[in-house]
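Have a look at the structure below, then the notes.
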Amino acid sequence: MSFPLPFTLILARAPLRRRGALAWTAACLLFLAGLLGSGAAQATVYTFNGNPVDTCTLSNKVYTCPYPAYLDWDDSVVIGSGYTLKVTNNVAVTWNQGLTMGSGSKLIVTGNLNLKDVNPANLKITGGDIEVGGTFSMGASAQSATANITAGAIQFGTDRVTITGNLTSKGVVNISSHSRITGNIVGTVVTTGSPVTITGDVTASSKFTLASGSTVTGQVSAPVFDMLASGSKVTGNVTASSSMTMGSGNSVTGNVDTGDLLLQSSSALITGDARVNWATLEWAGRVAGTIYCKNGTKKNSCDCVTNNSGFAVNSANGPRCEAVAPKGVHHFQISHDGQAHTCVPETVTVTACANAACTAPHYTDGVTGLVLQPGNVAIDIGSSGINSSGTVSKLATGTIALSLGNLPASAGATTCLMPSGSTSCNMNFAGGATFKVNVKNHVSASTQDVEISAVKLDAQAQACVPALAGKKNVAFSCQYLDPASGSKTVTLGSAPTTIQASCDGTAASLLLDFNASTGIAGVKLNYPDAGKVKLIATHTSADGDKISGSDEFIAAPAKFVFTGLPAANSTIRAGEDFSFKIQAQNSAGALTPNFDKTALSGKLSAVETALEPCTVPGLNKGNLGATTTSDFLKGEAGVTLSWSEVGKMGLKAKLTDFLGSSLAVEGGTACDAIGNFIPHHFHVALADPAAKFYYSSQPFGVVVTARNKGKGTTSNYNKATGLSQAVTLSAWKEDGSAANPGPGVISAAAIGANDFENGVARPKPAYALTPPPPAPLKVRVRASNAQVTSKDQADAEQALPLIRFGRLRIANRFGSARAKLALPVMAEYWSGNSWVLNTDDDSTVVPFTAFVLRPNTQASALAALAVPKPDKDLAIKAGMGELILQPGKDSGAGWVDVVFNLGETKTDSSCLALPKPDSTGAKLPWLRSLNNACATTYTVDPYARATFGVFAPESRRIIHIREGFR
Numbered sequence: 012m013s014f015p016l017p018f019t020l021i022l023a024r025a026p027l028r029r030r031g032a033l034a035w036t037a038a039c040l041l042f043l044a045g046l047l048g049s050g051a052a053q054a055t056v057y058t059f060n061g062n063p064v065d066t067c068t069l070s071n072k073v074y075t076c077p078y079p080a081y082l083d084w085d086d087s088v089v090i091g092s093g094y095t096l097k098v099t100n101n102v103a104v105t106w107n108q109g110l111t112m113g114s115g116s117k118l119i120v121t122g123n124l125n126l127k128d129v130n131p132a133n134l135k136i137t138g139g140d141i142e143v144g145g146t147f148s149m150g151a152s153a154q155s156a157t158a159n160i161t162a163g164a165i166q167f168g169t170d171r172v173t174i175t176g177n178l179t180s181k182g183v184v185n186i187s188s189h190s191r192i193t194g195n196i197v198g199t200v201v202t203t204g205s206p207v208t209i210t211g212d213v214t215a216s217s218k219f220t221l222a223s224g225s226t227v228t229g230q231v232s233a234p235v236f237d238m239l240a241s242g243s244k245v246t247g248n249v250t251a252s253s254s255m256t257m258g259s260g261n262s263v264t265g266n267v268d269t270g271d272l273l274l275q276s277s278s279a280l281i282t283g284d285a286r287v288n289w290a291t292l293e294w295a296g297r298v299a300g301t302i303y304c305k306n307g308t309k310k311n312s313c314d315c316v317t318n319n320s321g322f323a324v325n326s327a328n329g330p331r332c333e334a335v336a337p338k339g340v341h342h343f344q345i346s347h348d349g350q351a352h353t354c355v356p357e358t359v360t361v362t363a364c365a366n367a368a369c370t371a372p373h374y375t376d377g378v379t380g381l382v383l384q385p386g387n388v389a390i391d392i393g394s395s396g397i398n399s400s401g402t403v404s405k406l407a408t409g410t411i412a413l414s415l416g417n418l419p420a421s422a423g424a425t426t427c428l429m430p431s432g433s434t435s436c437n438m439n440f441a442g443g444a445t446f447k448v449n450v451k452n453h454v455s456a457s458t459q460d461v462e463i464s465a466v467k468l469d470a471q472a473q474a475c476v477p478a479l480a481g482k483k484n485v486a487f488s489c490q491y492l493d494p495a496s497g498s499k500t501v502t503l504g505s506a507p508t509t510i511q512a513s514c515d516g517t518a519a520s521l522l523l524d525f526n527a528s529t530g531i532a533g534v535k536l537n538y539p540d541a542g543k544v545k546l547i548a549t550h551t552s553a554d555g556d557k558i559s560g561s562d563e564f565i566a567a568p569a570k571f572v573f574t575g576l577p578a579a580n581s582t583i584r585a586g587e588d589f590s591f592k593i594q595a596q597n598s599a600g601a602l603t604p605n606f607d608k609t610a611l612s613g614k615l616s617a618v619e620t621a622l623e624p625c626t627v628p629g630l631n632k633g634n635l636g637a638t639t640t641s642d643f644l645k646g647e648a649g650v651t652l653s654w655s656e657v658g659k660m661g662l663k664a665k666l667t668d669f670l671g672s673s674l675a676v677e678g679g680t681a682c683d684a685i686g687n688f689i690p691h692h693f694h695v696a697l698a699d700p701a702a703k704f705y706y707s708s709q710p711f712g713v714v715v716t717a718r719n720k721g722k723g724t725t726s727n728y729n730k731a732t733g734l735s736q737a738v739t740l741s742a743w744k745e746d747g748s749a750a751n752p753g754p755g756v757i758s759a760a761a762i763g764a765n766d767f768e769n770g771v772a773r774p775k776p777a778y779a780l781t782p783p784p785p786a787p788l789k790v791r792v793r794a795s796n797a798q799v800t801s802k803d804q805a806d807a808e809q810a811l812p813l814i815r816f817g818r819l820r821i822a823n824r825f826g827s828a829r830a831k832l833a834l835p836v837m838a839e840y841w842s843g844n845s846w847v848l849n850t851d852d853d854s855t856v857v858p859f860t861a862f863v864l865r866p867n868t869q870a871s872a873l874a875a876l877a878v879p880k881p882d883k884d885l886a887i888k889a890g891m892g893e894l895i896l897q898p899g900k901d902s903g904a905g906w907v908d909v910v911f912n913l914g915e916t917k918t919d920s921s922c923l924a925l926p927k928p929d930s931t932g933a934k935l936p937w938l939r940s941l942n943n944a945c946a947t948t949y950t951v952d953p954y955a956r957a958t959f960g961v962f963a964p965e966s967r968r969i970i971h972i973r974e975g976f977r
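Remember, this note's numbering sits 11 above the position in the sequence shown when you count from 1.
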C-alpha cells in the first residue's frame, strides 16, 4: 500500500506498535495505503460499531477519519449496521486485508476506492451502500458484493465481478467480461466486456456499448446504443435518441425508439416495433413488428428504410412501415355500404383516425361514449383504433345521413367511406320482407348453427313482424370476399339432407321450417376453408315475390401443423439452418388453401414473426434466427431457420387475430421434439487478455465458451442441464500447424462436463517447455471433444499465450553488522541465447512465509548474529525486487543463507546442506532453476548469502569478488 509523502512524514516520527495507543493513528481510513512499524502481532479487526476510534470523530453514527489509516498487511475493517465510515482520502486495499459490510452500513470515500486487489474471500459485502467521490475499482480477481454503489467513475478489472445492487456513476462505467450485475446501471458512458449478464435497466447519458454474447433483461436508454456482434440479447424496450447499431445475430425482444437504426449483416432481429428517423437493414436484418417512420411515409411504402435485408418490403420477413400516429384523434370515419333494411340493424365500422388520410397507425388511446345515428347506439373504440360492431337502424324507409355524436372536442368533422370509394354518408333503408341471416365467425370445418329470420314491417310501420311461417324452400349461395376466389363450397343442412352452396353464384335450395310466432328458422353450416365469405339466402314465393338477406362470416384455420422437421434426436449445430413446413389446417386436419398471403391481398400477418421456440423447464429457450420463410401459399409455408441454443427444443406458431375476427390460430410441437442441438464451435480466450507472457509451467486462465454459429454463447451447455460434455485442451504452434511446439506439453488440460456454467468453463492449464530451455514462443490453445472443436471456426482460438522459460535469482551481498542490507532479486527468462531480465514481470509476489533464513555467527563475534525474517511479501516490478534484511540492535557479525521456497512443501529444494528449517512454499515452482551441484533438473530453489560485519569495505582488503549464480 502507499500514501502521500506528507502523511509518511507524520507517521514516521515515532515507531508505532500494533497494540499501542497510536495503533489507529487514522484507522477510520480502512485499508488505506501505508504500512509503517512492526508486524509482529497478529492481524487486527477494527470494528466501527459505536466504540471510539483514535483520530476519528463519531457523530450521529458517522465516523469521519481525516487522515490515512495505519493498517497492517493483514488487517481488516468491519462497518456495523446503522453506521457510516467516511474517509477523506484515497483508499487502496491489498490482498490480505479485508472489508465487511452488511445491511444498513455505509462507506463513504471522498477520493478513489480500489478494491480490485483484495482476496475475494476477504471481501464480505453483503449489504449497505458505498459512495465514492472518485473512481471505484474491483475485479483483478473474481469478486462479488451486494451493495448499491455510487461513484465518480466505476471500473471493473480483468476478472468477473458479481454485483447485486444498483451502479450509479457520474462518469464512465466499465464492466469486465463474464460479470453479472443484478440491479440498475446509470452512467455517462457504459461499456461491457464479452460476455456480461445484466438484470436491470441501463441508462447512459452519452453511450452504451454491449459486447458480444451479453444479455440485458431490462430497459435501455442512451443517446447512442451499440450492440456488438454477436449473440447479444436485450429483453426490454430500447430508447436511443441518436442512433442504435445491432451487430450480427443480436436481438431485441421489445420495441425500439431511435434516430438512425442500423441492423448489420446478418440476422439481427427486433421482435417488436421500431420508431426511427431512418433504418438501414443489412442482410437478413428484420424488424418483426412495424417500422414507424417519424418523418412520415407513403402508404404501403417504407420511405425511411434502406432495405438490404434480402426480404422485400411488405413480405413475410421484410419491413412494414407506417407513419407515426399523432397524440390525438384527427377525426372519425364511418365505413358502410349504403344499403340497409328497416327490420335489420346494419353493421358499420367506425375508425378513430390519426391523420387526414385515415391510414394506420390509428389513434390507440381509446375513446368511449360515442353515439351512432340513426339508432342512438353507444360504442367505444379501444386500442386498435377501430370498432367494427356498431350498428345503425331505422324503421321508416328512405335515405338518411349517418352521423356520430358525443365526439372529443379535438376531433375534426366525421367522414364516411363506401366500398366504391364514395365519401357519402347517406344510407338507404329499404322496406318489405327480408331475411336477417346470422352466421358467427368460427373455426374452419366446424359445424355452426345459423339463424335465419324472415321479417317485415307491420301495416302501421311501427314494428317488425314475421314474414314467413311453416316450411319454405330457401336457395343458398355464397360469395368469396377475402380472398376473392376459392375452391371450397359451403355445406348447409344436416345429414342426410345437405346441400352445397356454391360461391360462383349458383344457388342450391333447402327446405327450412320457419316458426310462425318468431319467423325464425335454423340451419347447420360447415365451411372447410379459411377466409371471409358472404352467405346469401333467397326465398321466392309462388307469385314471384322474393325475400333475401345475407351475412358475412370469417372462418379461421383450426391449427398450425409442422411437417418435415428433422428426425428425432438428430444432431444439429446451434445456429445452423434447418428446414420444415407449416400447414394451416382446419378442424378435420385438411389444408385450408385460401390461407394464402397473396390471395388475401397482404392482409395476413407474417406467421414467421409469431414463431417462438419452447423448451422443457430448466432450459433457456434461446432465439430463432430466420434465414428464409416463404409466405403462406395455399395453406402451407416453407421455413428455414436456426436456433441459438443447445439441447432439444420445440416450436410454437400463433396468429392472434385472423382478418380482424379475434380468432387466433395456434399450433406447435412438443418442447423436446427437435434436435439434439450441440454447440457450433468452442471459443477459447485468455482470461486476462492484457497478460504479456506466462512462465513455462505457470497456470494461465482460459475462458472456453460453447458458441452458436452466430458466435453467441449457448448457455444451456452447463452442468445443471446435463448437456455439457468433457472437453480437452491441446497446444499448437501459433499458426496451428503442429502440436506441442517447443517441444512442450500442456497440463491441467481436461475440462469436466460439470465445469461448464452457462456455456462457459474457466480452466487453468499450464504449458511446460522441455529443457534445455527453448526461446520464448506463443502457443495456440485449442478446445475439442468428439463433437465440437475450436479448430475450424475463424477467430475462435484467441488464447495465444507467450510462454517464457523463467527463473528467480537472488544476488549475494555483504555489509555492516548494523545497517540494512538489500539483496537484489531478479526474474529472468531464457531468450534463446542467454538469461535476460524479464522486465514484463510486474505480478510475481513471493510471500514472506516462503523466506528461509539460516544465520551463521562469525567465530570471533562477541554476540550472536540476529537477523529477523522480513514480514513483508516481496513483489517483483519490471523484473526486479529487493529483499531487505535488518540486523538486530545488538547483533554480532556473521552471514545468513537466504532461500526462497518456491514449491508447495514445507522443505525447500535448495542445494544447502540439511537440516533445513520449515517454511511455507510460495507455489511458484516455475521459477526454480538448474543447479548441477545437487540436481540435473530445473527444480532447485534459489538461494544467496547475506554477510554482516565480516568484511570491511573501507579497509580495501577485498581486491576482487565474483558472484556465482545458479
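Where a beta carbon is used, it is the ideal one built from N, C-alpha and C, also for glycine.
query, result
"Where V263 falls, given that 16 or more other Cβ within 10 Å makes a residue buried", "buried"
"Beta-carbon gap between V657 and P710 smaller than 7 Å", "no"
"Assigned exposure category for L522 - 16 Cβ within 10 Å defines buried", "exposed"
"DSSP three-state assignment for F669, whether helix, strand or coil", "helix"
"As assigned by DSSP and simplified to three states, the class of F859", "helix"
"Run of the beta strand (DSSP E) containing G755, from where it starts to where it stops", "G755 to S758"
"Extent of the continuous beta strand (DSSP E) run through A654", "Note on identity: in this sequence residue 654 is Trp, with Ala being the wrong assignment. That run of the beta strand (DSSP E) goes E647 to W654."
"Under the three-state DSSP convention, the category G960 falls into", "coil"
"Close beta carbons around D556, own chain, < 8 Å, minus the five adjacent residues each side", "A444"
"Neighbourhood of T732 by C-beta, 7 Å cutoff - its chain only, sequence neighbours within 5 removed", "G629, L630 and G658"
"Where N71 falls, given that 16 or more other Cβ within 10 Å makes a residue buried", "exposed"
"D607 to S326 span [Cα, whole Å]", "13 Å"
"Cβ-Cβ distance between S488 and A465 below 7 Å", "no"
"Coil, strand or helix - P77 by DSSP", "coil"
"Nearest candidate by alpha-carbon position, reference N288, set V143, K665, V316 and F589", "V316"
"As assigned by DSSP and simplified to three states, the class of A32", "Because the pLDDT at A32 is just 33, under 50, the model does not fix this residue reliably, and the point stays unresolved."
"Segment limits, beta strand (DSSP E) that includes N526", "N526 -> no beta strand (DSSP E), and no H or E assigned at all."
"C-alpha gap between L468 and A441, whole angstroms", "10 Å"
"Close-in-space but distant-in-sequence residues of the same chain around S983 (CB under 8 Å, 5 per side omitted)", "This structure cannot speak to residue 983, because the chain is shown only from 12 to 977."
"V359 classed as buried or exposed, judged by whether at least 16 other C-beta atoms fall within 10 angstroms", "buried"
"Meets three-Cβ-pair contact criterion under 8 Å: the region 679-687 and the region 575-591", "yes"
"Selection from C475, L492 and V183 that minimises the alpha carbon distance to S528", "C475"
"Same chain, Cβ closer than 7 Å to Q596, neighbours up to 5 away in sequence not counted", "P568, A569, K570, V572, L602 and T603"
"I895 and A797 closer than 7 Å at C-beta", "no"
"Under 7 Å between C-beta atoms of V713 and P774", "yes"
"Inter-residue spacing [alpha-carbon to alpha-carbon] between I887 and D766", "33 Å"
"N107 versus P835: straight-line alpha-carbon distance, rounded", "25 Å"
"Check whether Y778 and A742 have beta carbons under 7 Å apart", "yes"
"Backbone secondary structure at D683 - three-state DSSP", "coil"
"Cα-Cα separation, A103 to T220", "28 Å"
"P936 in three-state terms, based on DSSP", "helix"
"The region 381-401 / the region 303-315 touching (three or more Cβ pairs under 8 Å)", "no"
"Neighbour-count burial assignment, S116, 16 or more Cβ in a 10 Å radius", "buried"
"Contact check, W906 vs R956, beta carbons under 7 Å", "yes"
"Under the three-state DSSP convention, the category P131 falls into", "helix"
"Coil, strand or helix - N7 by DSSP", "With the chain represented from 12 up to 977, any question about residue 7 goes unanswered, as that position is not in the structure."
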